[in-house]
Structures are given as structure tokens and as C-alpha cells.
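Per the numbering used here, the very first residue in the sequence shown carries number 646; after that it's consecutive.
Every residue, glycine too, gets a C-beta built ideally from N, C-alpha and C.
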Amino acid sequence: MLYTLAAISCFVLQSEPDTTPGVKEFPAFSCRLRLPDPFFTWSEKELPPNFLVECRNGTGISLVLLARDAPDDAKLDDSTIAQIRNSYREEDPVKFMSGKLIVFKDIPCYQYLLKIKAEDSFTVARTFAAHQKIYTLFLNLPGNQLDDKENRNLIFDAFEFIGESQTPESSYKPPIPETRKKPYKLFTNLLKFFFVIVGAIFAIGLWYRNRNLRQNDDDF
């Protein structure tokens, strides 16, 4: 829960395009993150462990990247997907809405939607594994931008593996039909998946807290 709350809470109003370097690389995790467009800026806040980077813009959108080492025998199957869904309880500030298997960066990926109960805000999360690492991207956005799937896919495509060819085409592909009958390498067991669940809630919490701080400042 704590990781989701942390990833949600990083957003500052920007009225001018950012001029800082547009790419941050993480060789130890074989990946990099680009600023999705000139109006995104990197967060200057200290991030919790396993958070690599966070960027945001002035419309209430933020993207947070988490990564960690993955065991060789990890897998994604029905039981781990059910664990994600069942870990969001009725009393939690974040509600699990839906999830599906997709292909992202040419590998299997579990995409799921979280609703922030206190307001009209959502988080779209993508979890996948490659290079013996587990990656989770948290895209926090207002409810009025949730249906813009094209923009969402463009923002997610700011994530790249080091060495992949850069292309303007979206890496998103339709949901995988009947793929949960085949286990994919992602997690050793359900306890390993706790990282993803806690990460999601921590990510959402940070974004929500920072937005409230900004709104309080506007009252003066």
C-alpha cells in the first residue's frame, strides 16, 4: 500500500516547458526514462527505496518508475494476479478497478487500474519483467484524462530498455487472449508480489499529498 501512496504524491504546476536533460538512464537496471514531452519535469524530491525516478506536468499527470531484482524462477499466473486484486481492501484509500494482460515493449505485462477514493483521480499501473528485473510504471492522472488512451500509451512509451531502437510507434499491443494459462516469468511467489502492491499505494499517496499541499498554498 505504501508504494502506491508514494508514487501518487509528486506533482507541481508547470507553466513553461522544462529545459533539464530529457533522459535519465539506469544502467544497473538496463533501462531509461525520457520526459514524455517538453512540459514534463523531473521530480526533485527524494524518492523511497526502489523508486528510480518520477516526472510530472502541470495537468495533474505524473509517471513513477520502480525497479528491483527479480528471481530466475519468478512467474506471473492466475494466483499472483488474484493476489494483486485481493490485496486492495474495502477500507483502503485506493480501490482496485480492473486489470488485464497486455504486451508492452514486446513482453507480457499486467496492466491494472486503481481509483483514488477521495477524489476523481486514477492510477494506471504496468508491471513486467526483463533482464532479471521487475519493473512497475505508475501513471497517475485526473479522471477527465483517463479515457485518452493514446496519450497514456505515449507517456508509458517514455520508458525504454537501454539498447532498444527508438521508434515513434507505440509499444502497446491489445490484451493477450487466454494467456494466463501460460505462466510468465515475473515473481517467485506471492510474497514477492507484495513489492508491487505496496509500491502502487505508496506512489499514489505521494502524488495525492503533494497536490493537497499545492492546493493549500493557493488558498493564501
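Based on the DSSP secondary-structure assignment, which residues constitute the bridge partners of residue i?
| i | result |
| --- | --- |
| Tyr780 | Ala712 and Phe773 |
| Tyr757 | Gly744 and Ala770 |
| Pro787 | Ser766 |
| Phe749 | Ile752 |
| Thr686 | Arg701 |
Taking the alpha helix (DSSP H) that residue i falls in, what are its first and last residues?
| i | result |
| --- | --- |
| Lys669 | It is not in any alpha helix (DSSP H) - Lys669 instead sits in the beta strand (DSSP E) that spans Val668 to Phe671. |
| Arg730 | Asp723 to Asn731 |
| Asp800 | The question names Asp, but residue 800 in the sequence shown is Ile. Lys794 to Phe801 is the extent of the alpha helix (DSSP H) around Ile800. |
Since I believe residue j is in contact with residue i (beta carbons under 8 angstroms), could you give me their beta-carbon distance rounded to a whole number of angstroms?
| i | j | result |
| --- | --- | --- |
| Cys700 | Ile807 | Going by Cβ atoms, the distance from Cys700 to Ile807 rounds to 18 angstroms, so no, they are not a contact pair. |
| Leu708 | Leu697 | No, Leu708 and Leu697 are not in contact; Cβ-Cβ is about 11 angstroms, not under 8 angstroms. |
| Lys778 | Phe674 | 5 angstroms |
If we ignore side chains and look at the alpha-carbon of each, how far apart do residue i and residue j end up?
| i | j | result |
| --- | --- | --- |
| Val748 | Tyr780 | 14 angstroms |
| Arg713 | Ala763 | 30 angstroms |
| Met742 | Thr704 | 23 angstroms |
| Leu680 | Arg734 | 34 angstroms |
| His796 | Glu736 | Note that residue 796 is Asn in the sequence shown here, rather than His. Cα-Cα distance, rounded: 31 angstroms. |
| Phe783 | Phe767 | 10 angstroms |
| Ala803 | Lys760 | 23 angstroms |
| Leu758 | Val769 | 5 angstroms |
| Phe801 | His776 | 19 angstroms |
| Asn785 | Glu670 | 22 angstroms |
| Pro608 | Pro666 | Any property of residue 608 remains undetermined from this structure, which presents the chain solely from 646 to 865. |
| Asp792 | Ile726 | 24 angstroms |
| Asp723 | Glu691 | 35 angstroms |
| Ile706 | Arg730 | 24 angstroms |
| Pro738 | Glu805 | 31 angstroms |
Might you give, ordered along the chain, the residues of its own chain that have their beta carbon closer than 6 angstroms to the beta carbon of residue i, omitting 5 neighbours on each side?
| i | result |
| --- | --- |
| Asp765 | Gly788 |
| Val668 | Arg677 and Arg679 |
| Ile752 | Phe773 and Ala775 |
| Ser695 | The sequence shown places Asn at residue 695, rather than the Ser named in the question. Counting only Cβ-Cβ distances below 6 angstroms, and skipping sequence neighbours, we find Leu711 and Arg713. |
| Leu799 | none |
What are the boundary residues of the beta strand (DSSP E) that residue i is part of?
| i | result |
| --- | --- |
| Arg677 | Cys676 to Arg679 |
| Pro697 | Checking the sequence shown, residue 697 turns out to be Leu, not Pro. First-last of the beta strand (DSSP E) with Leu697: Phe696 to Arg701. |
| Phe806 | Phe804 to Phe806 |
Using a Cβ-Cβ cutoff of less than 7 angstroms, which residues in the same chain neighbour residue i once the five nearest sequence positions on both sides are dropped?
| i | result |
| --- | --- |
| Ser688 | Cys655, Glu699, Cys700 and Arg701 |
| Phe685 | Asp663, Cys700, Arg701 and Asn702 |
| Tyr755 | Leu721, Ile726, Gly744, Leu746 and Thr772 |
Whose C-beta lies closer than 8 angstroms to the C-beta of residue i among residues of the same chain, with five residues either side of it excluded?
| i | result |
| --- | --- |
| Pro672 | Ile807 |
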